[in-house]
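Colleague: So the sequence shown is residues 334 to 669, counted in my numbering. The following block contains the structure, expressed as structure tokens.
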Amino acid sequence: MSKQRVLSGVQPTGNLHLGNYLGAIRNWVEIQDQYDNFFCVVDLHAITVPHDPKTLADDTYKIAALYLACGIDLQYSTIFVQSHVTAHSELTWLLNCITPLNWLERMIQFKEKAIKQGENVSVGLLDYPVLMAADILLYDADKVPVGEDQKQHLELTRDIAARVNDKFGKKKEPVLKIPDPLIRTEGARVMSLTDGTKKMSKSDPSEMSRISLLDSPDEIKKKIKRCKTDPIKGLVFDDPQRPECHNLLSLYQILAGKTKQEVATECQDMGWGQFKPLLTEVTIEALKPIQDKYKEIMDNKDYLNSVLQEGKAKAEEVANTTLSRVKDALGYLPSL
Ligand code: AQP
Numbered sequence: 334m335s336k337q338r339v340l341s342g343v344q345p346t347g348n349l350h351l352g353n354y355l356g357a358i359r360n361w362v363e364i365q366d367q368y369d370n371f372f373c374v375v376d377l378h379a380i381t382v383p384h385d386p387k388t389l390a391d392d393t394y395k396i397a398a399l400y401l402a403c404g405i406d407l408q409y410s411t412i413f414v415q416s417h418v419t420a421h422s423e424l425t426w427l428l429n430c431i432t433p434l435n436w437l438e439r440m441i442q443f444k445e446k447a448i449k450q451g452e453n454v455s456v457g458l459l460d461y462p463v464l465m466a467a468d469i470l471l472y473d474a475d476k477v478p479v480g481e482d483q484k485q486h487l488e489l490t491r492d493i494a495a496r497v498n499d500k501f502g503k504k505k506e507p508v509l510k511i512p513d514p515l516i517r518t519e520g521a522r523v524m525s526l527t528d529g530t531k532k533m534s535k536s537d538p539s540e541m542s543r544i545s546l547l548d549s550p551d552e553i554k555k556k557i558k559r560c561k562t563d564p565i566k567g568l569v570f571d572d573p574q575r576p577e578c579h580n581l582l583s584l585y586q587i588l589a590g591k592t593k594q595e596v597a598t599e600c601q602d603m604g605w606g607q608f609k610p611l612l613t614e615v616t617i618e619a620l621k622p623i624q625d626k627y628k629e630i631m632d633n634k635d636y637l638n639s640v641l642q643e644g645k646a647k648a649e650e651v652a653n654t655t656l657s658r659v660k661d662a663l664g665y666l667p668s669l
């Protein structure tokens, strides 16, 4: 029996942080040998908010190199750049014409990001979830491993696919496969270091709010030293009054590879002065091998280009087949 397919991606909008790693990439790595995986650098999504053309290409390389450095293995996985496969844009247009506007207006991420943009909100930001649906549906993905923040977009993808099947599919032959989210509870929502009620995010204006995968040991030390805590002694999980405490203990638990119970016992009598150096040490240690591998890969652009070229060819083959199937179902005259 052939393996089920997985599709996921990250935007090249800055350095990856612990949220992207623990909520997404680490999980891709753990399950990759069980699936046929496609991981893309979603550069079309990156321009849904104002972007700098001078850094987009470099950021795209960076994310691809970080995928490899974090352990994505080409034996099981295909890495490619979204804009290199034109079917993503084309399917988005087709899905745009089938998706009701009010489905998009309900999206929480749109509302949150739109507030930050003021009057400059682009149509692209509203359309972000349809592009994401196209990314996933083009690959007939069975599973989509993402962080908790993407759950609503995944539900929308399922609704769009169901609508296409309902309107244009034949009874026993759906046009599009309906994917399932794959959200692990551990690391699914890593919170900001400066506010334990907000998710860690690349677009937070404060560098102090996140630990980037490429931060130096000194930067990591400084960020953890200054991160928001509370004046209570004894550190506990799951206290709604202490969101920062829960977040920092959770980070420690995952990065140290310990169980929740082990960490709860170890930290129950600790103060922040004792805990922060521990968290600093495990973070630096966990990121060191990723940073070393990243440098090696970035020093060999020929290799990186060959990975992306091969990825593009594999991705195009699958994506173009799905696109033809959708166009056929919609009644288009085949290309002459
Ligand atoms: N804080 C987080 N905790 C757990 N998972 C997270 N992800 C993002 N932030 C967290 C997961 O990372 C994957 C890639 O995300 P993305 O870069 O494509 O977009 P995003 O979700 O919008 O991430 P950011 O960091 O918040 O970027 P900006 O600020 O540019 O929008 C997804 O699987 C996501 O769930």
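Where is the CB? At the ideal position from N, CA and C, for every residue including glycine. A quick note: this is a predicted structure, and the numbers were derived from the prediction, not measured.
Where does T518 sit, in a helix, a strand or coil, going by DSSP?
Modeller: Translated into positions along the sequence shown, residue 518 becomes position 185. Correct three-state label for T518: coil.
Colleague: For a test of the three-state rule: what should DSSP assign to L546, helix, strand or coil?
Modeller: Against the sequence shown, residue 546 aligns to sequence position 213. If DSSP states are grouped into helix, strand and coil, L546 belongs with coil.
Colleague: Nearest to M334 by CA position, among P610, T346, Q367, is which residue?
Modeller: Taking the first residue of the sequence shown as 1, we reach residue 334 at position 1. Checking every option, the nearest Cα to that of M334 belongs to Q367.
Colleague: With distances taken from CA atoms, which of V339, H378, K621, V418 is nearest Y409?
Modeller: On the sequence shown, residue 409 is found 76 positions in, with the first residue counted as 1. Answer by Cα proximity: V339.
Colleague: Could you say which of G480, E481, H486 lies nearest to A467 if we only look at CA atoms?
Modeller: Position 134 of the sequence shown, counted from the start, is the residue given in the question as residue 467. Answer by Cα proximity: H486.
Colleague: Measuring only the C-alpha atoms, how far is T530 from R522?
Modeller: To locate residue 530, count along the sequence shown from 1; it is residue 197. To locate residue 522, count along the sequence shown from 1; it is residue 189. Computed Cα separation, rounded: 10 Å.
Colleague: With three or more beta-carbon pairs closer than 8 Å as the criterion, would you say the stretch 454–474 touches the stretch 655–663?
Modeller: Judged by Cβ distances under 8 Å, the stretch 454–474 makes contact with the stretch 655–663, as three or more pairs qualify.
Colleague: Do S545 and H378 have their C-beta atoms closer together than 7 Å?
Modeller: Taking the first residue of the sequence shown as position 1, residue 545 is located at position 212. Taking the first residue of the sequence shown as position 1, residue 378 is located at position 45. For S545 and H378, no; Cβs fall outside 7 Å.
Colleague: Would you mind sorting Q415 into buried or exposed? The rule is 16 or more other CB atoms within 10 Å of its CB.
Modeller: Taking the sequence shown and counting its residues from 1, one reaches residue 415 at position 82. Q415 should be labelled buried.
Colleague: Note the first and the last residue of the continuous alpha helix (DSSP H) segment covering F608.
Modeller: Indexing the sequence shown from 1 puts residue 608 at position 275. First-last of the alpha helix (DSSP H) with F608: 605–631.
Colleague: Could you check what DSSP says for S335 in three-state terms: helix, strand or coil?
Modeller: On the sequence shown, position 2 is the one that residue 335 refers to. Correct three-state label for S335: coil.
Colleague: Measure how close the beta-carbons of V615 and L582 come, nearest whole angstrom, since I'm counting them as under 8 Å.
Modeller: Along the sequence shown, one-based indexing puts residue 615 at 282. Along the sequence shown, one-based indexing puts residue 582 at 249. In fact, because the Cβ distance is near 12 Å, the residues do not count as touching under 8 Å.
Colleague: Which partner residues does E506 have in the DSSP bridge list?
Modeller: Translated into the one-based positions of the sequence shown, residue 506 becomes position 173. Answer by DSSP bridge pairing, in chain order: K503.
Colleague: In the structure shown, what three-state DSSP assignment does N638 receive?
Modeller: Translated into positions along the sequence shown, residue 638 becomes position 305. Looking at N638 - three-state DSSP - the assignment turns out to be helix.
Colleague: Would you identify the three-state DSSP class for N370, choosing helix, strand or coil?
Modeller: Here residue 370 corresponds to residue number 37 of the sequence shown, with the count starting at 1. Three-state DSSP puts N370 in a strand.
Colleague: Buried or exposed: A646, going by 16 or more other Cβ atoms within 10 Å of its Cβ?
Modeller: Taking the first residue of the sequence shown as 1, we reach residue 646 at position 313. Under this definition A646 is an exposed residue.
Colleague: Taking only heavy atoms of ligand 1 into account, decide whether any of them is closer than 6 Å to the Cβ of Q295.
Modeller: There is simply no residue 295 to check, as the chain begins at 334 and stops at 669 in what is shown.
Colleague: Which residue marks the beginning of the beta strand (DSSP E) containing K476, and which one marks its end?
Modeller: Residue 476 sits at position 143 when you count from the first residue of the sequence shown. Where K476 is concerned, the enclosing beta strand (DSSP E) stretches over 476–478.
Colleague: Which one or two residues does DSSP pair with V414 in a beta bridge?
Modeller: The residue labelled residue 414 in the question sits at position 81 within the sequence shown. BP columns for V414 point to V374.
Colleague: Could you pull out every residue in the same chain whose Cβ sits closer than 7 Å to the Cβ of P514, ignoring the five residues on either side in sequence?
Modeller: The residue labelled residue 514 in the question sits at position 181 within the sequence shown. Taken in chain order, the residues that qualify are V477, V479, K484, L487.
Colleague: Which two residues bound the contiguous alpha helix (DSSP H) that contains H421?
Modeller: The count along the sequence shown starts at 1 and reaches residue 421 at position 88. Its alpha helix (DSSP H) spans residues 420–429.
Colleague: Which residues in the same chain as T393 place their Cβ atom closer than 7 Å to its Cβ, once the five residues preceding and following it in sequence are excluded?
Modeller: For the purposes of this step, residue 393 is identified with residue 60 of the sequence shown, where counting begins at 1. So the list reads P345, V374, D376, V414, once near-sequence residues are dropped.
Colleague: For I617, which residues of its own chain have a beta-carbon under 6 Å away from its beta-carbon, when the five flanking residues on both sides are left out?
Modeller: Reading the sequence shown from its first residue, position 284 is the one you call residue 617. The answer, listed in chain order, is P550, I553.
Colleague: Closer than 7 Å by C-beta to L428: which residues in its own chain qualify, once you throw out the five before and the five after it? Chain order, please.
Modeller: To locate residue 428, count along the sequence shown from 1; it is residue 95. Cβ within range, chain order: V463, A466, A467, I493.
Colleague: Under a three-way DSSP split, which group does V382 fall into?
Modeller: Along the sequence shown, one-based indexing puts residue 382 at 49. Residue state, collapsed to three classes: coil.
Colleague: Check whether the Cβ atoms of D385 and K336 lie closer than 7 Å to each other.
Modeller: As a working mapping, residue 385 is identified with position 52 in the sequence shown. As a working mapping, residue 336 is identified with position 3 in the sequence shown. In this structure, K336 does not lie closer than 7 Å to D385 by Cβ.
Colleague: Which word fits D365, buried or exposed, when buried means at least 16 other C-beta atoms lie within 10 angstroms of its C-beta?
Modeller: Counted from its first residue, the sequence shown places residue 365 at position 32. First, the amino acid is wrong: residue 365 is Gln here, not Asp. By the 10 Å Cβ count, Q365 comes out buried.
Colleague: Among the residues of its own chain, which have a CB less than 7 Å from the CB of D496, if the five just before and after it don't count?
Modeller: As a working mapping, residue 496 is identified with position 163 in the sequence shown. Correcting the residue type first, residue 496 is Arg in the shown sequence and not Asp. Here the set comprises I431.
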